[in-house]
Structures are given as C-alpha cells and as structure tokens.
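Read the structure below first, then the notes.
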Amino acid sequence: MRSEAIVGVLEKQYVTKLLEKGKRSDGRNLLDCRPIQIIPNVIKKAEGSAMVKWGDTVILAGVKAQLGTPFPDTPNDGVITVNAEISPISSPTNESGPPGPRAVELARVVDRGIRESKIIPMKDPKLCVIPGKKVWILFIDVYILDDGGNLFDAAALGAMAALANTRLKRVVIDEDLEEVTLLDEKEPLPRKGSVASLTFAKIKDTIVYDPNLLEDRGKDARFSLAITDKGIVCSMQKGESGVFTEEEFVTLLDQSSSLVTPLLEKIEESSQFPEMNEMYHFDF
Amino acid sequence: MTQDKISLLLDDGRRLDGRELHEIRPITMKSSVLDRADGSCYLTWGNNKIICAVYGPRELHPKHLAKPDRAIVRVEYRLATFSVNERKSPAPRRREYELSKLIKESLDSVLFLEKFPNGTIDVYITVLDADGGTRCAALTAASIALADAGIPMKGFITGCAVGKVADKMVVDLSDVEDKDGQGDMPVAMNYNTGEITLLQCDGEFTTDEVKEGLSLAIRAIGEVYKMQKEAVLAKYTQIEESIDDLGEEEE
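These protein sequences, in sequence, are chains A and B. FYI, in our numbering the residues of the first sequence are 8 to 291. FYI, in our numbering the residues of the second sequence are 41 to 291.
This is the structure:
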C-alpha cells in the first residue's frame with residue numbers, strides 16, 4: 008500500500024473515533040461553521056469577482072461577460088455557465104489537466120444552485136438584448152487555490168458573491184434591432200435575491216456541517232443543498248458511496264434554514280459597491 | 041504607428057500611467073500564503089496578480105519521466121479565464137505551453153537538481169489578473185515560492201521586461217504599452233551571477249536599442265531582486281519575532 012493511502016486510513020480512524028465522542032478535529036460543534044470572509048471586486052479584468060476564505064479553504068471566482076447568440080431552445084434567455092478549476096495549486100494530490108469528474112461535479116452543482124434559484128432573471132431585457140439574436144453570456148469561473156475542505160460551499164458562495172458585484176457594459180441597440188454598441192458605462196447585473204449552499208458530511212454514523220479537510224477526505228457520504236433567501240430548496244446533491252436514511256435527510260432539512268441565514272447575510276454585505284480605492288485588491 | 045507613438049507618451053514625457061521612462065510599477069510579494077502547498081508566493085506587479093505554488097522535491101509519476109541522476113522541474117504557467125479582456129478558454133493555449141517551457145528552463149539553472157535523483161519539483165503558476173509582463177512576474181514569484189518550499193537554490197531568478205514606446209526604450213511595459221508599442225523585450229536572470237536565463241523580444245529594435253534595453257533591464261532586475269530577498273526573509277523575521285515574544289512571556 009502506498010504511504011499516502013496508509014495515512015488516509017489512519018486519518019479516517021482518527022476522525023471517526025473523535026466523532027464517536029461527539030468531537031471534531033478542529034474543536035467545533037457538529038453544526039458549527041468555520042470563519043468565512045468574502046473579499047468582493049478583486050480582479051480588474053473581470054466583470055465581477057470575489058475571493059472567499061472559508062476556514063483554510065481559499066477560492067477565487069470571476070465573472071466574464073460577452074454578447075453572443077442564445078441557445079435555439081431558449082432564444083429569449085441570457086446564458087449562464089459555471090466552470091470549476093480544482094487547480095494543482097490547491098493541493099498536492101490534484102493533477103494538472105482538463106477538469107476531472109470531481110471538478111465537473113463541483114461546477115455543475117454550483118451551476119444548478121444559481122440557475123434553478125432563478126435569482127438572475129435571464130429574460131430581463133438587460134440580459135436578453137435582442138430576443139433570438141443577442142444575449143449576454145455569463146461565464147463564472149471558480150479557481151480553487153487552497154483546498155481546506157468543503158469546496159462545494161466555498162465555490163457556491165464565491166460564485167454568488169462574484170455575481171452580486173458583476174457590472175455589465177451598457178448596450179445601445181439600433182432601431183432595426185440589428186446592431187448593438189457597447190458603452191464604457193457599466194450597470195449592475197439584474198438580480199433578485201441570493202442563494203447559498205450547505206454541505207454536510209457523514210462519517211460512519213455522524214453527520215457534520217461544513218467538513219474540514221480531514222472530514223472531507225474521510226467522509227463516507229456528502230449531502231449539499233442550495234437554498235434561496237425565500238427559503239426555497241433549489242438544488243440538492245447526494246455524493247460519495249455512503250448512504251443516508253430518510254430521517255437523516257429530514258433532520259438536515261430542518262436544520263438548514265438557521266444555517267443558511269448567516270451565509271445570505273454575508274452575500275448582501277459583500278455586494279455593497281466599495282470605494283474605488285478599495286477595488287481590485289486582496290491579500291492572503 | 042505614428043499616432044500610437046504620440047498617444048503612448050504624455051506631453052511632459054511621462055507614460056500613460058504617469059511613470060517615468062525607466063520606472064517600474066509598484067510590486068508586492070508575500071511568501072507562504074497557501075496552506076497546502078510546500079512553498080507559495082502571491083505577487084502583485086502593477087495590476088498583475090500572480091499566485092505560485094511549489095510541490096516537492098517529491099516522487100515522480102509517471103515513472104518513465106524520471107531521470108536517474110537528477111530531479112526534473114515541471115512548470116505550469118496558466119492564465120485564469122477572467123484575467124484577460126476577452127474570457128480565455130480554460131484549456132491551455134500555445135502561448136501558455138511556450139512560456140511554461142521557458143520558465144522551467146530558467147529555473148533549472150538555479151536548482152541543485154542532482155541532489156534529488158528520480159524526483160520532481162512542480163511549479164504551478166496562475167495569473168489571476170493580467171496587465172503586461174506576466175512571464176517576468178511569474179518567474180520572480182516562482183523563485184520566492186521555491187525558496188519558501190526550502191528547496192536548495194544557487195540563487196533567484198528575477199525578471200523584468202523592457203520595450204520600445206514612442207521610439208524610446210522604457211522599463212516594465214504595461215499591457216497597453218506592450219500591445220500598442222513598438223516592441224517588447226522580456227529579460228530574466230540570476231542577478232548575483234549575471235547569468236541571463238531568459239531573453240526574448242518581438243517588435244523592431246536597433247542593435248543599440250537592444251544593448252540599451254539589456255542594461256536597463258538588468259538595472260530594474262536589481263531593484264526587484266532586493267524586494268525578492270526581503271520577501272523570502274520576511275517569513276523568518278516574523279518567526280524570529282514570535283520566538284522572541286514567547287521568550288519574553290516566559291520571563
């Protein structure tokens with residue numbers, strides 16, 4: 008057996024034994040969240056961006072916008088797409104190369120949370136510039152810089168915070184609805200509310216919220232759900248080979264509303280547009 | 041071209057961002073910024089923002105790449121999709137492959153690779169916000185991250201680009217000067233030994249201008265090198281101070 012694999016087994020034993028006594032490796036209670044910091048507007052070249060420090064996890068999300076053709080089946084909708092890069096920068100075990108299944112699942116779960124919450128009104132004339140012809144295409148790219156566990160919630164928060172400070176160039180349309188001109192002037196991306204993700208890890212018989220790195224590596228099963236500021240559940244994803252019971256899901260759903268409130272508050276705080284001299288700056 | 045020449049320099053002879061011809065942009069460097077990496081550096085150079093992580097020396101997979109007499113260095117230089125004006129596809133382009141190769145070859149010269157046979161040293165660089173001169177900034181950051189990882193080195197590689205704007209040789213081109221100017225000439229070297237490890241140019245220069253550019257670049261690299269040394273030492277100064285504080289508390 009390779010040495011990393013042995014360390015993995017030992018780590019899991021350690022985390023499991025602690026949890027049997029109701030304790031976590033970082034001293035938190037089972038439903039405690041680690042400290043979270045959102046730093047909005049960090050990338051000058053992006054239309055919107057945010058850095059999220061979630062415990063030891065660090066991610067950077069950026070939004071780029073370009074005018075393009077809508078999909079044939081949704082001619083009156085703007086387009087939104089989420090991509091996640093689990094960069095080899097973020098951990099010794101990540102390899103370089105195109106996104107693997109893990110990065111694709113992460114991107115798709117974050118994507119569904121935002122898409123299904125309908126907080127970005129895709130049919131708004133600001134996004135659907137000329138119906139059937141020209142719409143804004145929003146690319147949300149999430150870079151994982153330091154993997155300290157719970158990438159799902161950190162990536163979702165980063166993507167949401169980046170959207171909350173996204174500003175698009177104003178568009179002028181000619182009378183024939185054919186040509187568009189982009190102005191330098193920018194206006195905020197239309198948004199109705201916000202959404203946040205909650206992730207739980209099940210290790211043997213114990214469920215914890217916001218798994219740290221040890222818990223994330225040792226988990227048997229994962230459950231993530233996205234909830235809007237209206238309390239609507241708009242996406243869920245059960246992951247890994249372990250299983251949950253109906254009672255467990257019911258309990259987690261009951262606990263979700265109190266856990267999501269602080270995250271939604273953080274998003275609103277970070278969406279206030281900062282002073283010009285505080286823009287495009289972040290530190291570790 | 042004539043219009044470009046005029047528009048890139050202001051009437052008082054300064055550059056569009058207010059800099060003198062030979063002035064470098066503000067630079068910040070911080071080592072040990074990442075938890076998981078063996079060594080890391082976050083560097084800002086004007087509006088450039090660069091993160092670099094180093095792993096190793098470590099076991100190399102796949103094994104057939106291993107060299108029995110030394111370690112290999114693998115460098116991955118990437119632009120974040122949102123770091124440039126038009127969103128870049130996440131898949132690396134030819135430019136990124138070429139720069140990764142040049143950065144690797146530059147770093148090779150300052151590492152004691154023979155000390156780690158069969159191993160690898162992996163250097164991952166991502167440009168998070170780009171504004172001209174990223175390869176020189178990336179090399180500068182990579183040296184700090186390598187030192188931060190505790191990897192034995194003969195010296196640092198330090199980079200700075202020079203170029204030609206409005207018929208004048210200028211130091212540290214911004215994105216606009218690079219794209220609209222007459223030429224760009226990135227240089228990187230081991231400042232202590234005078235060994236130049238990277239030299240490229242595109243544009244039009246006379247041989248005298250190339251000579252002037254080299255001498256300007258070396259002078260600028262000297263300034264950046266000083267900051268690099270301070271950034272690496274800063275971590276140890278902090279550790280020293282916290283040990284001193286502990287000592288005082290015990291007394």
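The C-beta atom is built at its ideal place from N, Cα and C for all residues, glycine as well. These figures come from a predicted structure and were not determined experimentally.
- When C-alpha distances from residue 149(A) are compared across 114(A), 129(A), 155(A) and 156(A), the shortest belongs to 114(A).
- In this structure, residue 167(B) and residue 291(A) do not form a Cβ contact; the two beta carbons are roughly 16 Å apart against a cut-off of 8 Å.
- Proximity of the segment 78-89 of chain B to the segment 177-184 of chain B meets the contact definition, three or more beta-carbon pairs being nearer than 8 Å.
- The beta carbon of residue 246(B) lies closer than 8 Å to none in the same chain, with the five residues before and after it left out.
- Beyond the five residues adjoining it in sequence on each side, residue 264(A) comes within less than 8 Å, by CB distance, of 234 and 238 in the same chain, given in chain order.
- Closer than 8 Å to the CB of residue 117(B) there is not a single CB belonging to chain A.
- Secondary structure of residue 249(A) (DSSP, three-state): coil.
- Taking a C-beta cut-off of 7 Å against chain A, the contacting residues of the segment 79-95 of chain B are 82, 87, 91, 93 and 95, listed in chain order.
- Taking a Cβ-Cβ cut-off of 7 Å, the neighbours of residue 92(A) in chain B comprise 130, given in sequence order.
- Between residue 139(A) and residue 142(B), the alpha-carbon positions lie close to 46 Å from each other.
- When the beta-carbon positions are compared, residue 103(A) and residue 99(B) stay at least 8 Å from each other.
- Here the segment 169-184 of chain A makes no contact with the segment 151-161 of chain A; the two share fewer than three CB pairs at distances below 8 Å.
- Across the structure, residue 184(B) and residue 276(B) are spaced so that their CA atoms are roughly 13 Å apart.
- If you draw a straight line from the Cα of residue 110(A) to the Cα of residue 69(A), it comes to about 16 Å.
- Not a single C-beta of chain A is nearer than 8 Å to the C-beta of residue 245(B).
- Every alpha helix (DSSP H) stretch that sits fully inside the segment 184-262 of chain A and reaches 4 residues is listed by chain position as 220-225.
- Per DSSP, residue 32(A) lies in no alpha helix (DSSP H) segment and is marked neither H nor E.
- Note on residue 92(A): 16 or more other CB atoms within 10 angstroms of its CB, so buried under the neighbour-count rule.
- Taking 8 Å as the threshold, the shortest C-beta distance from residue 152(A) to chain B falls below it.
- For the segment 153-169 of chain B, the set of positions with a beta-carbon nearer than 8 Å to some beta-carbon of chain A reads 162, 164, 166, 168 and 169 in chain order.
- Collapsing the DSSP output to three states places residue 162(B) in a strand.
- Shown here, residue 115(A) sits in a helix according to DSSP, grouped into three states.
- Pairing residue 170(A) with residue 127(A) gives a Cβ-Cβ distance under 8 Å.
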